[in-house]
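Remarks on the structure that follows.
In my numbering, the protein residues as written are 165 to 226.
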């Protein structure tokens, strides 16, 4: 699974980093994905972060 953050849409609310800090981090007040793919044990919380994103800027690719 892969997570992608649309940096143009991200408002920097940090909700994703609070929900799934293993996958998401902040850089220059914009969320970033830490690695190329999401480890299996973090897939559920990563999907939760994408669903909870207030501006829907996180895309999940299976």
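Ideal placement from N, C-alpha and C gives every residue a C-beta, glycine not left out.
A quick note: this is a predicted structure, and the numbers were derived from the prediction, not measured.
For residue i, collect the residues of the same chain with a Cβ closer than 7 Å to its Cβ; drop the 5 residues on either side in sequence, then sort them by chain order.
i: residue 173; result: 219, 221
By DSSP, does residue i sit in helix, in strand, or in coil?
i: residue 220; result: coil
i: residue 215; result: helix
i: residue 186; result: coil
As a quick exercise: from the options, pick the residue whose alpha carbon is nearest that of residue i.
i: residue 194; options: 206, 168, 225; result: 168
i: residue 165; options: 184, 178, 210; result: 210
i: residue 182; options: 223, 216, 226; result: 216
Hey, quick one: how far does the beta strand (DSSP E) through residue i stretch, first residue to last?
i: residue 169; result: 166-169
i: residue 197; result: 194-197
Just curious, the alpha helix (DSSP H) that residue i is in, first and last residue?
i: residue 175; result: Taken as a continuous stretch (DSSP letters only), residue 175 belongs to no alpha helix (DSSP H), as it is neither H nor E.
Excluding the 5 residues preceding and the 5 following residue i in the sequence, name in chain order all residues of the same chain whose CB lies nearer than 6 Å to its CB.
i: residue 170; result: 221
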